[in-house]
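Numbering-wise, full-length UniProt numbering puts 86 at position 86 of the sequence shown, and it's gapless, one number per residue.
Cβ coordinates follow ideal geometry from the N, Cα and C atoms, glycine included.
Below: one structure, written as structure tokens.
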Amino acid sequence: MSHPDEDALAARALGAPDAAVDEHAATCVVCASTLDGLRRTTTALRGAADVEQVAPPASVWAAIRAEVAPVTTPVTPVATLAPLSAPQGGRRGRRRWLPAAAGFLVGAAAATVVVVAVTHDADDAPSTTVVARGTLDPIDGSDVSGTIEMTDTDDVRHVTVVLDGPHEPGDHFVQAWLLDPATNGMVALGVVDGTTQTFAVPAGLDLDAYDSVDVSLEPFDGDPAHSATSLARGVLAPS
1 MSHPDEDALA ARALGAPDAA VDEHAATCVV CASTLDGLRR TTTALRGAAD
51 VEQVAPPASV WAAIRAEVAP VTTPVTPVAT LAPLSAPQGG RRGRRRWLPA
101 AAGFLVGAAA ATVVVVAVTH DADDAPSTTV VARGTLDPID GSDVSGTIEM
151 TDTDDVRHVT VVLDGPHEPG DHFVQAWLLD PATNGMVALG VVDGTTQTFA
201 VPAGLDLDAY DSVDVSLEPF DGDPAHSATS LARGVLAPS
């Protein structure tokens, strides 16, 4: 079986339509898993690129200019100065420190404003909405059950599968599928490694038809098709 090259998978993850890649990934666990990882990376990068940059207000720049501008101090001839006692000298020393201390505080306040603005924008991450939930029920005497959930993050759908009950795969592996109950059509989501796994839903898939999840036990035989050994199934009902 010929696999799509890395460029084709990367282009599909970025949203370029490619029916051949979709058809292949629907039956190939390896390519489906690779495409899932590329889509996760693309989503993360797009989220980072969407962070709005906020310029500091004009008052911040004014404070910075005031801090770095040269200070002009009138110079009085030394001969006209009266002798200073120790206490007077102490007071003048404190006066000389006041502009520097004030400048330091202004600069620190300006830096705080900039940091708070940038931190606030970084916290504006894309929102995730739960759009469907369901329960996985055992199939054909299996002891495996669980829950399923579909979320939407900036129009990208993900399915999370949580398994309960014994499902030690041994010399097999556990795989999740989206199922069309009307036609028994299957679209591979990927391998369930452990008890909880989240998968990206292939873009353009008719989720009105593929509204169910099937969890199967698959042998390591190189055949990407469903083994016909289902452990659990459930319907994703809109939330």
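Straight-line Cα distance separating D137 from M186: Position 186 of the sequence shown, counted from the start, is the residue given in the question as residue 186. Position 137 of the sequence shown, counted from the start, is the residue given in the question as residue 137. In a straight line, the C-alpha of M186 is about 18 Å away from that of D137.
Contacting residues, own chain, Cβ-Cβ under 7 Å from T217 (five flanking each side not counted): On the sequence shown, residue 217 is found 217 positions in, with the first residue counted as 1. First, the residue type needs correcting, since residue 217 is Leu and not Thr in the sequence shown. Excluding residues within five positions, the ones whose Cβ falls inside 7 Å are P169, H172, V174, S227, T229 and L231.
Exposure label - A176; buried when at least 16 CB within 10 Å: Position 176 of the sequence shown, counted from the start, is the residue given in the question as residue 176. With 16 or more other Cβ atoms within 10 Å, it is buried.
DSSP state of L45 mapped onto helix, strand, coil: The residue given as residue 45 occupies position 45 in the sequence shown. Assignment of L45 by DSSP, reduced to helix, strand and coil, places it in the helix class.
Per-residue DSSP class, three states only, for E168: Stepping through the sequence shown from its first residue, residue 168 is reached at position 168. Reduced to three states, the DSSP call for E168 is coil.
Own chain partners of V192 with C-beta closer than 7 Å, once the 5 adjacent residues on each side are dropped: Locating residue 192 in the sequence shown gives position 192, where the first residue counts as 1. Result list for V192: V161, L163, V174, Q175, A176 and V215, in chain order.
Contact check, R133 vs S212, beta carbons under 8 Å: In the sequence shown, counting from the first residue as 1, residue 133 sits at position 133. In the sequence shown, counting from the first residue as 1, residue 212 sits at position 212. No, Cβ-Cβ distance for R133 and S212 is not below 8 Å.
Beta-carbon gap between L35 and A13 smaller than 8 Å: Taking the first residue of the sequence shown as position 1, residue 35 is located at position 35. Taking the first residue of the sequence shown as position 1, residue 13 is located at position 13. In contact: L35 and A13 (Cβ atoms closer than 8 Å).
Status (buried if at least 16 other CB within 10 Å, exposed otherwise) for P4: Your numbering for residue 4 matches position 4 in the sequence shown. Taking every protein chain shown into account, the CB of P4 has 16 or more other CB atoms within 10 angstroms, so this residue is buried.
For S33, three-class secondary structure by DSSP: Counting from 1 along the sequence shown, the entry for residue 33 is found at position 33. In the three-state reduction of the DSSP assignment, S33 falls in the helix class.
Residues that A8 bridges to, as DSSP identifies them: What you label residue 8 is simply residue 8 of the sequence shown in a count that begins at 1. Per DSSP, none; premise fails for A8.
Range of the contiguous alpha helix (DSSP H) that encloses D22: Here residue 22 corresponds to residue number 22 of the sequence shown, with the count starting at 1. It spans A19 to A25 - the alpha helix (DSSP H) in which D22 sits, taken as one unbroken run.
Coarse secondary structure for L38, derived from DSSP in three states: Counted from its first residue, the sequence shown places residue 38 at position 38. Looking at L38 - three-state DSSP - the assignment turns out to be helix.
Reduced DSSP category for R95 - H, G, I as helix; E, B as strand; rest coil: Within the sequence shown, the letter at position 95 stands for residue 95. Any answer about R95 is weak, because its pLDDT of 44 lies below 50 and its placement is not dependable; what the coordinates show is given next. Of the three classes helix, strand and coil, the one that applies to R95 here is helix, per DSSP.
CA nearest to the CA of V131, picked from G15, V235 and E6: Translated into positions along the sequence shown, residue 131 becomes position 131. If we check each option's Cα against that of V131, V235 comes out closest.
C-alpha distance - T129 paired with V201, whole-angstrom precision: Residue numbering aside, residue 129 sits at position 129 when the sequence shown is read from its first letter. Residue numbering aside, residue 201 sits at position 201 when the sequence shown is read from its first letter. Between T129 and V201, the C-alpha separation is close to 15 Å.
Residues that DSSP places opposite P138 in a beta bridge: As a position in the sequence shown, residue 138 is number 138, starting the count at 1. Answer is A232.
Run of the beta strand (DSSP E) containing A188, from where it starts to where it stops: Within the sequence shown, the letter at position 188 stands for residue 188. Start and end: G185 to V191.
Opposing strand residues paired with F199 [DSSP bridges]: In the sequence shown, counting from the first residue as 1, residue 199 sits at position 199. Note: F199 sits in a beta bridge opposite V159.
Reduced DSSP secondary structure (H/G/I, E/B, other) of A132: Walking along the sequence shown from the start, residue 132 turns up at place 132. Strand, per DSSP.
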